[in-house]
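Everything below concerns the one structure shown next.
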Amino acid sequence: ESAAVDFFPQCRGGRRTRAEAKRRTRAEAKRRRGAAHTPWGEGEWRRGRGVFWELGRPGAGLTCDAAMVARWAMLLRLAVVSHLVLSGAGMQEKNAKVSLRGVDTFVLFNSKGVAAGGKIDAHVSGQFHSGVGDHPEPIAYLLVLTLDQKEEWWDNLDPSPSDEHLAICGTPAFARYQVVAGNGSSANVSVSLVMPRSDQYSVLFTLCEASGSFDGQASWSFVNLDLAGHHTQHLVIEKTPLPIINLGLACIYAALFVFWVADCLRLRQTVAPIHWAIALCLGSKVLETAAQAALTLEMNATGSEKGAQWLLAKFSEGFSDLLFLSILLLVSVGWTLTRFRFTPREMVALVATFGLFVVITVFRVLCDFRDGNCQGLTLGEYILRSLVLLAIIVAMNFNITQLRQMLAEVPPPITPHMAVQYAKVHIFQMFRWAFLAYLLAPTTLLILEAAVLLSWEYEWVNDLLSHLVFLLIYVHVGTAIAPSNHHLLSRAFDRNPAQD
Numbered sequence: 001e002s003a004a005v006d007f008f009p010q011c012r013g014g015r016r017t018r019a020e021a022k023r024r025t026r027a028e029a030k031r032r033r034g035a036a037h038t039p040w041g042e043g044e045w046r047r048g049r050g051v052f053w054e055l056g057r058p059g060a061g062l063t064c065d066a067a068m069v070a071r072w073a074m075l076l077r078l079a080v081v082s083h084l085v086l087s088g089a090g091m092q093e094k095n096a097k098v099s100l101r102g103v104d105t106f107v108l109f110n111s112k113g114v115a116a117g118g119k120i121d122a123h124v125s126g127q128f129h130s131g132v133g134d135h136p137e138p139i140a141y142l143l144v145l146t147l148d149q150k151e152e153w154w155d156n157l158d159p160s161p162s163d164e165h166l167a168i169c170g171t172p173a174f175a176r177y178q179v180v181a182g183n184g185s186s187a188n189v190s191v192s193l194v195m196p197r198s199d200q201y202s203v204l205f206t207l208c209e210a211s212g213s214f215d216g217q218a219s220w221s222f223v224n225l226d227l228a229g230h231h232t233q234h235l236v237i238e239k240t241p242l243p244i245i246n247l248g249l250a251c252i253y254a255a256l257f258v259f260w261v262a263d264c265l266r267l268r269q270t271v272a273p274i275h276w277a278i279a280l281c282l283g284s285k286v287l288e289t290a291a292q293a294a295l296t297l298e299m300n301a302t303g304s305e306k307g308a309q310w311l312l313a314k315f316s317e318g319f320s321d322l323l324f325l326s327i328l329l330l331v332s333v334g335w336t337l338t339r340f341r342f343t344p345r346e347m348v349a350l351v352a353t354f355g356l357f358v359v360i361t362v363f364r365v366l367c368d369f370r371d372g373n374c375q376g377l378t379l380g381e382y383i384l385r386s387l388v389l390l391a392i393i394v395a396m397n398f399n400i401t402q403l404r405q406m407l408a409e410v411p412p413p414i415t416p417h418m419a420v421q422y423a424k425v426h427i428f429q430m431f432r433w434a435f436l437a438y439l440l441a442p443t444t445l446l447i448l449e450a451a452v453l454l455s456w457e458y459e460w461v462n463d464l465l466s467h468l469v470f471l472l473i474y475v476h477v478g479t480a481i482a483p484s485n486h487h488l489l490s491r492a493f494d495r496n497p498a499q500d
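Take 1 as the starting number for the sequence shown in the UniProt record's numbering and just add one per residue.
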């Protein structure tokens with residue numbers, strides 16, 4: 001209850017007895033009932049969360065009684081328990097093995113945005129061996145670098161420095177902790193810092209003995225302040241808005257999915273299989289954005305980066321991208337637009353291509369989860385994607401040329417069938433612009449990121465811009481291939497036999 005009393009200065013002057021509290025509560029309730037019909041601003045009372053506020057009367061303020069203090073004490077206890085459960089009861093440490101030979105460096109974490117008041121903890125312990133015996137000089141340093149200091153440190157290492165020891169161990173640092181240990185003895189250093197200002201901090205452990213070696217363990221953690229001033233936010237500050245962004249995107253894609261399915265049901269007589277395939281693609285995008293939102297919320301609450309939620313987010317992202325790429329390919333070859341079936345050779349090629357795509361995506365995600373060397377899988381995915389994009393370009397241009405030639409060769413008079421063909425040409429032309437945007441979006445976003453120099457605190461803007469670009473591409477593709485009533489297209493060409 002003392003914690004609750006601290007929230008209300010008027011409660012610090014002394015505690016009332018239970019009988020006095022009851023009398024005051026009854027008096028306040030009676031006064032409230034008497035003022036129930038008083039116009040606003042002339043003594044009207046409102047109640048919010050068990051606390052009475054008197055409005056419109058000079059000197060009126062918050063009233064206090066023992067019951068109110070008890071209620072707030074209970075709420076504070078519930079808040080503390082919920083906070084410990086949701087935040088994982090504090091910072092979650094990450095661990096790694098450290099093995100250094102000669103003058104070398106181990107990076108505990110690199111360029112993490114920590115706000116003013118944020119906390120960094122680091123600990124390194126292990127066994128030191130030296131080829132020159134014991135000496136009083138520091139054998140290693142634990143360095144905490146700001147963003148500018150880290151960039152200066154990397155610049156001093158490239159190209160190969162003339163004085164390697166000075167470049168690695170003599171760099172300026174925000175904080176420097178030395179390690180002194182004898183040959184064959186244990187060496188350890190622990191750091192717990194509350195950062196005075198916002199910056200991107202890096203923590204490095206540098207071995208400065210040319211003939212020495214160090215084998216041990218390193219653990220580290222960092223946490224930022226939340227809006228309430230508690231150390232519970234594990235996301236770096238440049239990624240703080242991502243949970244809200246992902247939740248908003250999930251709601252937008254869910255609305256698009258519901259609208260698309262409702263439109264397909266309304267025009268079910270003219271809906272083609274490609275339209276239901278697009279509905280499936282939108283549903284996978286809803287799953288992807290929802291999984292990303294859940295992942296960022298979990299990372300912010302617990303600090304864990306790779307777990308079951310991470311696998312779900314990465315698998316849903318990979319399969320959503322695969323479905324959208326397959327939609328682009330199916331539309332480009334004219335499936336259900338100019339033809340309804342594939343030849344056996346085309347079917348085998350499609351199944352083999354996307355089957356291989358699924359296998360590569362699964363193994364790449366699992367490789368990333370184990371922090372393995374995934375460059376071969378990534379290169380294979382890029383090659384396969386490039387081949388699919390090339391096939392889309394060829395098929396799309398072929399269908400547009402064929403439809404235009406068909407319309408040019410049709411002799412007059414104009415028939416209702418020609419209106420449908422003109423509509424198909426329009427669909428392919430709109431689709432071509434969407435595909436061009438899909439093809440150039442990654443490169444354009446990289447150019448914008450390099451040209452528009454935003455502060456590191458606003459790196460989330462790049463993620464938001466990327467999401468918005470691909471959202472517009474989805475909307476454009478859906479607009480181009482939306483279900484339509486062909487009878488309305490050809491009705492203007494219908495001729496009344498009575499007019500002949």
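Just so it is clear, CB atoms sit at the ideal spot from N, CA and C, and this is done for glycine as well.
Threshold first: 3 residues or longer. Then list the beta strand (DSSP E) segments lying entirely within the region 193-234, N to C. 199-207, 212-225, 231-233
Just to confirm the assignment, what range does the alpha helix (DSSP H) spanning V461 have? As a working note, residue 461 is residue 461 in the sequence shown. Segment 460-480, the alpha helix (DSSP H) holding V461.
By Cβ distance below 8 Å, which residues in the same chain neighbour L280 in space, the five residues on each side in sequence not counted? In the sequence shown, residue 280 corresponds to position 280, counting from 1. Taken in chain order, the residues that qualify are L323.
First and last residue of the beta strand (DSSP E) that includes N110? Here residue 110 is taken as the residue at index 110 of the sequence shown, counted from 1. N110 -> beta strand (DSSP E) spans 104-114.
With distance defined between alpha-carbon atoms, name the residue in Y438, A115, M347, M396 nearest to G229. Counting from 1 along the sequence shown, the entry for residue 229 is found at position 229. Nearest option by C-alpha distance: A115.
When DSSP builds the beta bridges, which residues end up paired with R101? For this step, residue 101 is matched to residue 101 along the sequence shown. Beta-bridge pairing links R101 to S213.
Roughly how many whole angstroms lie between the Cα atoms of V5 and H231? Here residue 5 corresponds to residue number 5 of the sequence shown, with the count starting at 1. Here residue 231 corresponds to residue number 231 of the sequence shown, with the count starting at 1. The pLDDT assigned to V5 is 33, lower than 50, so where the model puts this residue is not dependable; a value taken from the coordinates is nonetheless given after this. Cα-Cα distance, rounded: 23 Å.
Smallest Cα separation from L142: which of K424, V333, A187, D321? Your numbering for residue 142 matches position 142 in the sequence shown. Ranking the options by Cα distance to L142, first place goes to A187.
Below 7 Å CB to CB, which residues in the same chain sit around A391 once its five sequence neighbours on both sides are set aside? In the sequence shown, counting from the first residue as 1, residue 391 sits at position 391. Closer than 7 Å at the Cβ level, and outside the excluded window around A391, lie L329.
Option in N183, N156, V179, R432 with minimal Cα separation from P172: Numbered from 1 along the sequence shown, position 172 holds the residue referred to as residue 172. Taking only the C-alpha atoms, the option nearest P172 is N156.
Alpha-carbon to alpha-carbon, D226 and L62: Taking the first residue of the sequence shown as 1, we reach residue 62 at position 62. Taking the first residue of the sequence shown as 1, we reach residue 226 at position 226. Because the pLDDT at L62 is just 37, under 50, the model does not fix this residue reliably, and the point stays unresolved.
Bounding residues of the alpha helix (DSSP H) (the contiguous stretch that carries K314): As a first step, residue 314 must be located in the sequence shown, where it is residue number 314. K314 -> alpha helix (DSSP H) spans 308-332.
Sequence-distant residues of its chain with Cβ nearer than 7 Å to P483 (five each side left out): On the sequence shown, position 483 is the one that residue 483 refers to. Only D263, C264, L267, T270, V271, H275 meet the Cβ criterion.
Rounded separation between P241 and M195 - CA only: As a position in the sequence shown, residue 241 is number 241, starting the count at 1. As a position in the sequence shown, residue 195 is number 195, starting the count at 1. Answer to the nearest angstrom: the Cα atoms are 21 Å apart.
What do you reckon, are the CB atoms on F174 and V144 nearer than 8 Å? On the sequence shown, residue 174 is found 174 positions in, with the first residue counted as 1. On the sequence shown, residue 144 is found 144 positions in, with the first residue counted as 1. Result yes, Cβ atoms of F174 and V144 sit closer than 8 Å.
For E298 and F342, I'd like the C-alpha separation in whole angstroms. Here residue 298 refers to the residue found at position 298 of the sequence shown. Here residue 342 refers to the residue found at position 342 of the sequence shown. Taking the straight line from one Cα to the other gives about 45 Å.
How about E238 and G113: do their beta carbons lie closer than 8 Å? One-based indexing of the sequence shown puts residue 238 at position 238. One-based indexing of the sequence shown puts residue 113 at position 113. Result yes, Cβ atoms of E238 and G113 sit closer than 8 Å.
Supposed close pair I427, L325 - CB separation, criterion 8 Å: Start at 1 with the first residue of the sequence shown, and residue 427 comes out as number 427. Start at 1 with the first residue of the sequence shown, and residue 325 comes out as number 325. 19 Å between Cβ atoms; not a contact.
Label I383 either buried or exposed according to how many other C-beta atoms from any shown protein chain fall within 10 Å of its C-beta, with 16 as the threshold for buried. Reading the sequence shown from its first residue, position 383 is the one you call residue 383. It counts as exposed.
Please report how far the alpha carbon of F470 lies from the alpha carbon of F340, in whole angstroms. Against the sequence shown, residue 470 aligns to sequence position 470. Against the sequence shown, residue 340 aligns to sequence position 340. Each residue's Cα considered, the two are about 28 Å apart.
Can you list the alpha helix (DSSP H) stretches of 4 or more residues lying completely in the region 369-456, in chain order? 375-409, 416-451
Decide if F398 is buried, meaning its Cβ has at least 16 other Cβ atoms within 10 Å, or exposed. Start at 1 with the first residue of the sequence shown, and residue 398 comes out as number 398. Exposed is the call here.
Apply the 10 Å Cβ neighbour rule to K97 and answer buried if 16 or more other Cβ atoms are within range, or exposed otherwise. Along the sequence shown, one-based indexing puts residue 97 at 97. Label assigned to K97: exposed.
Is S284 helix, strand or coil by DSSP? Numbered from 1 along the sequence shown, position 284 holds the residue referred to as residue 284. Looking at S284 - three-state DSSP - the assignment turns out to be helix.
Alpha helix (DSSP H) segment containing I120, residue limits: Translated into the one-based positions of the sequence shown, residue 120 becomes position 120. Segment 119-130 is the beta strand (DSSP E) holding I120; no alpha helix (DSSP H) there.
At least 3 beta-carbon pairs within less than 8 Å: the region 208-226 vs the region 118-125: yes
Does R345 come out as helix, strand or coil in the three-state DSSP assignment? Counting from one through the sequence shown, the residue named residue 345 turns up at place 345. Three-state result, R345: helix.
Quick one, are the C-beta atoms of V425 and M418 less than 8 Å apart? Position 425 of the sequence shown, counted from the first residue, corresponds to residue 425. Position 418 of the sequence shown, counted from the first residue, corresponds to residue 418. Result no, Cβ atoms of V425 and M418 do not sit closer than 8 Å.
Answer with buried or exposed for Y474, where buried requires no fewer than 16 other C-beta atoms within 10 angstroms of its C-beta. One-based indexing of the sequence shown puts residue 474 at position 474. Label assigned to Y474: buried.
What does a CB cutoff of less than 6 Å around S192 pick up in its chain, not counting 5 residues either side in sequence? To locate residue 192, count along the sequence shown from 1; it is residue 192. Closer than 6 Å at the Cβ level, and outside the excluded window around S192, lie D121.
Tell me where the alpha helix (DSSP H) around L247 begins and ends. By one-based count along the sequence shown, residue 247 stands at place 247. Here the alpha helix (DSSP H) through L247 covers 242-266.
How would you write the range of the beta strand (DSSP E) that R339 sits in, first residue to last? Locating residue 339 in the sequence shown gives position 339, counting from the first residue. Neither: R339 is in no beta strand (DSSP E) and is coded neither H nor E.
Three-state secondary structure assigned by DSSP to A96: In the sequence shown, residue 96 corresponds to position 96, counting from 1. The answer is strand: DSSP assigns A96 an E or B state.
Would you mind reading off the limits of the beta strand (DSSP E) that contains A140? Residue numbering aside, residue 140 sits at position 140 when the sequence shown is read from its first letter. It spans 140-145 - the beta strand (DSSP E) in which A140 sits, taken as one unbroken run.
Could you work out which residue in W460, L287, S455, Q127 is closest to K314 when comparing CA atoms only? What you label residue 314 is simply residue 314 of the sequence shown in a count that begins at 1. Per the Cα distances, L287.
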